[in-house]
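In the working numbering, the protein residues as written are 11 to 298.
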């Protein structure tokens, strides 16, 4: 059993790290291949891009590392427990099948509470990262203009809303987690009570009741490990959508391409009637 845990943790860890490296490399390569108009957009500011590279890829990794193998093992354990329960006592197995939807409801409630403000919180973290990046990159100018306090207040302002949301949501998440955890104990309590009734009514033998109880207890005890995976799954879903959306944005001019015929030019090059402006600021002509 311990060898199985070590093996799946080892290989899932290697796979998640390789995927993280590959995604981060492709994302960085795609960013470098974009034209200047891409970086002129406020959505692609330097601080936001750095935040994506630093946080979103690890968030995606956290959903496919050893925790994913734990969830798969938990699902297999639950299915095996229900099958054994039906084999040795279908009366008690029906009770398990009837209570499991409550557990699914508890997990769905946790996901709903967690994902409610996650998109807004992620945007606030992006803005705070942008402010920090700009202040650090131009620290000499900031110090010369004595704007340290202004940037600090602006940075804290972007973090104030996520902090308040986290305080409000912590109570709701605690209630949802408590409900999801209580379902396991409710299941065990109801199973023992029903098992006692079936034994007293001579419907089931005590040994068969104990077999069903052990199958239910072992399978339900593993559900707690799987419940900790759902917040990571929500983070990974949100981060993965952003990452693959960025990877899907292709530049009109691929500056990394080596294809095409290279012309040999001789003499002077002259440009006439050439005008250029960035897409985000069409009214400002950069080249005229």
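Note that CB positions come from ideal geometry on N, CA and C, so glycine has one too.
Nearest in C-alpha terms to residue 56, of all of 212, 79 and 42, is 42. In this structure the region 63 to 80 does not lie against the region 182 to 199, because fewer than three pairs of beta carbons, one per stretch, are closer than 8 Å. The Cβ neighbour count for residue 80, taken over all protein chains shown within 10 Å, is at least 16; the residue is labelled buried. Between residue 230 and residue 197, the C-beta spacing is below 9 Å. Looking only at 154, 221, 68 and 28, the smallest Cα-Cα distance to residue 91 is reached by 221.
Residue 152 is not a Cβ neighbour of residue 165, given a cutoff of 9 Å. Residue pairing from DSSP leaves residue 181 without any beta-bridge partner. For residue 175 and residue 64, the gap between their C-alpha atoms comes out near 23 Å.
Excluding the 5 residues flanking it on each side, residue 279 has no same chain C-beta neighbour closer than 7 Å. Rounded to the nearest whole angstrom, the CA to CA distance from residue 156 to residue 150 is 10 Å. In the displayed model, residue 61 falls within a helix according to three-state DSSP.
Taking a C-beta distance under 9 Å as the contact criterion, residue 139 and residue 61 qualify as a contact pair. The shortest C-alpha to C-alpha distance from residue 254 to any of 184, 38 and 105 is the one to 38. Taking all protein chains shown into account, residue 84 has 16 or more neighbouring C-beta atoms within 10 Å of its C-beta and is therefore buried.
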